[in-house]
Amino acid sequence: MEPQHIHEDVPGGVPLKLWTQGVPVEDAARRQLQNAARLPIVFKHIAAMPDVHFGIGATVGSVIPTVKAIIPAAVGVDIGCGMMACKTTLAAEDLPDNLGPLRAAIERAVPHGRQPGNRDPGAWQKPPGSVNTAWAQLEPEFTELCRSYPKLAKTNHIQHLGTLGSGNHFIEVCLDEAGAVWFMLHSGSRGVGNFIGTMFIELAKQDALRHQANLPDRDLAYFEEGSRYFGDYVRAVSWAQKFAALNRELMMKRVIEAAKTVIRKNFQSHIEAVNCHHNYVQKETHFGQEVYLTRKGAVSAKAGQLGIIPGSMGARSYIVRGKGNADSFESCSHGAGRVMSRGEAKRQFTLADHRAATEGVECRKDKDVIDETPAAYKDIDAVMAAQRELVDVVHSLKQVVCVKG
Numbered sequence: 002m003e004p005q006h007i008h009e010d011v012p013g014g015v016p017l018k019l020w021t022q023g024v025p026v027e028d029a030a031r032r033q034l035q036n037a038a039r040l041p042i043v044f045k046h047i048a049a050m051p052d053v054h055f056g057i058g059a060t061v062g063s064v065i066p067t068v069k070a071i072i073p074a075a076v077g078v079d080i081g082c083g084m085m086a087c088k089t090t091l092a093a094e095d096l097p098d099n100l101g102p103l104r105a106a107i108e109r110a111v112p113h114g115r116q117p118g119n120r121d122p123g124a125w126q127k128p129p130g131s132v133n134t135a136w137a138q139l140e141p142e143f144t145e146l147c148r149s150y151p152k153l154a155k156t157n158h159i160q161h162l163g164t165l166g167s168g169n170h171f172i173e174v175c176l177d178e179a180g181a182v183w184f185m186l187h188s189g190s191r192g193v194g195n196f197i198g199t200m201f202i203e204l205a206k207q208d209a210l211r212h213q214a215n216l217p218d219r220d221l222a223y224f225e226e227g228s229r230y231f232g233d234y235v236r237a238v239s240w241a242q243k244f245a246a247l248n249r250e251l252m253m254k255r256v257i258e259a260a261k262t263v264i265r266k267n268f269q270s271h272i273e274a275v276n277c278h279h280n281y282v283q284k285e286t287h288f289g290q291e292v293y294l295t296r297k298g299a300v301s302a303k304a305g306q307l308g309i310i311p312g313s314m315g316a317r318s319y320i321v322r323g324k325g326n327a328d329s330f331e332s333c334s335h336g337a338g339r340v341m342s343r344g345e346a347k348r349q350f351t352l353a354d355h356r357a358a359t360e361g362v363e364c365r366k367d368k369d370v371i372d373e374t375p376a377a378y379k380d381i382d383a384v385m386a387a388q389r390e391l392v393d394v395v396h397s398l399k400q401v402v403c404v405k406g
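So the mapping is simple: the numbering used here equals the position in the sequence shown, first residue as 1, plus 1.
Below is the structure:
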């Protein structure tokens, strides 16, 4: 059987393997991938997922294995960003006819977006007891990091725990192919993760001026094992990934509690549950080599492992089971992937376009979310078709409520 991916040789570098048959790949994203492929620390090849697109610093939808080194910009600033979904015992007919109050209850329960009239976006969030309990798991390691990097203490850390943020982060109520109700959300390590990512990307660039003179792109500056910042970065990024996973768990708890104030029928949640990162780095072994595997906009898809591939505001999302494809470094896409910038989407689409695209979904339909309209993203069905050898679909989800920041 012919492999589904496209193989591209890169002069002076490792090859690219792209799962992009039937989906567009912009030239800028291909150039970014080629630049990364020329780094001396990259092992074997770089894998590109079907949602691949140009990213700040490094390509979104890329899977990059590096030996004894990490590229902070390939991890990015939304460290540990990812998805959580859980199935409930509710069926479609258990939901109220008017979904507006359910959306409003979720919006009240989970702080989201940028609250107006406040200079400090973290101050509006008063951490309740559940946040304090979760923070207790994170605080000792955070205090250690602050000893080396005191400015970390001034970020929104506990203040952002249990909050959604803005941009493409969302909370949804979905129905699967059998009519079962799911709750799903997308967020990461928020302000503190952004600070960690930004700080270490800048430190890597400064370090590169002295030690990495021939970088194909300054954004691809890296830390090598044994160098001044390597150990600190590994500890900081690992901590931010824990923060992100806990953040999603806290929000899911609040979403379920909010739903119980609106939905009259008693129900159980977490019948099936998945919590997975799609912007992160961790040690893994591939092709007999221990590497630091960076997935920027990609999900781990080891054989039998469950993952989440969301669509856009008006498109289906998927719960998938990994096939453990070796050439993809056991990975799959993290979503549909953008086909245009946020600015271009706002120029190209009208409110009428957005309302038509999200018909039947209880969600925001104002000008401030046009950059997230479904047409700004690739066709999720084409994306799924391009990665048939990476994952099997377990559940197909269609949202009926969508909360965005």
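All C-beta atoms in this analysis are idealised placements derived from N, C-alpha and C, irrespective of residue type, glycine included.
Residues of its chain near residue i, where Cβ-Cβ distance is below 8 Å and the 5 sequence neighbours each way are ignored
i: PHE244; result: GLY81, LEU139, HIS158, LEU162, SER190, ARG191, VAL193, GLY194
i: PRO128; result: Any reading at PRO128 must be qualified, since the residue scores a pLDDT of 45, below 50, and its modelled position is unreliable; no value is offered.
i: GLU258; result: ALA110
Where residue i falls, given that 16 or more other Cβ within 10 Å makes a residue buried
i: SER149; result: exposed
i: THR144; result: exposed
i: GLY77; result: buried
i: CYS403; result: buried
i: ARG120; result: Caution is warranted here: a pLDDT of 38 is assigned to ARG120, below 50, making its placement in the model unreliable, and the coordinate value is therefore given only provisionally. ARG120 comes out exposed.
i: ASN215; result: exposed
i: GLY198; result: buried
i: ASN326; result: buried
i: ASP328; result: buried
i: ASN267; result: exposed
i: LYS368; result: exposed
i: HIS1; result: The requested residue 1 does not occur in the structure, where the chain is confined to residues 2 to 406.
i: GLN33; result: buried
i: GLY118; result: In this predicted model, GLY118 has a pLDDT of only 38, less than 50, meaning its place in the structure is not dependable; the value taken from the coordinates is given anyway. GLY118 comes out exposed.
i: PHE350; result: buried
Spatially closest choice to residue i from the options, by CA coordinates
i: SER342; options: VAL61, ALA37, HIS6; result: VAL61
i: GLY14; options: HIS46, SER167, GLY23, CYS147; result: HIS46
i: VAL395; options: MET385, ARG322, ARG389; result: ARG322
i: VAL401; options: ALA74, ASP354, ALA110, LEU100; result: LEU100
i: ALA48; options: ALA357, LYS297, ALA358; result: LYS297
i: ALA209; options: GLU360, LYS152, PRO73; result: PRO73
i: GLU173; options: PRO217, ALA205, LEU153, ALA105; result: ALA105
i: ASP98; options: GLN213, GLU363, GLY227, PHE184; result: GLU363
i: ALA29; options: LYS399, ASP218, ALA246; result: ASP218
DSSP beta-bridge partners of residue i
i: PHE171; result: HIS187, LYS405
i: THR286; result: GLU291
i: LEU176; result: VAL182, LYS399
i: PHE224; result: ILE71
7 Å Cβ shell around residue i - same chain, five flanking residues per side excluded
i: VAL11; result: LEU17, GLN35, ALA38, ARG39
i: VAL292; result: PHE44, PRO66, THR67, VAL68, GLU285
i: ALA346; result: ILE371, ASP372, THR374, ALA377
Cβ separation of residue i and residue j, assumed to be a contact under 8 Å, to the nearest whole Å
i: GLU331; j: ALA302; result: 6 Å
i: ILE71; j: PHE224; result: 6 Å
i: HIS278; j: GLN306; result: Between GLN306 and HIS278 the Cβ distance is about 12 Å, and since that is not below 8 Å, they are no contact.
Close beta carbons around residue i, own chain, < 6 Å, minus the five adjacent residues each side
i: SER313; result: ALA337, PRO375, TYR378
i: PRO51; result: TRP20, THR21, VAL24, SER334, VAL384, ALA387, GLN388
i: GLN290; result: PHE44
i: VAL275; result: ALA86, LEU307, ILE309
i: PHE201; result: PRO73, TYR234
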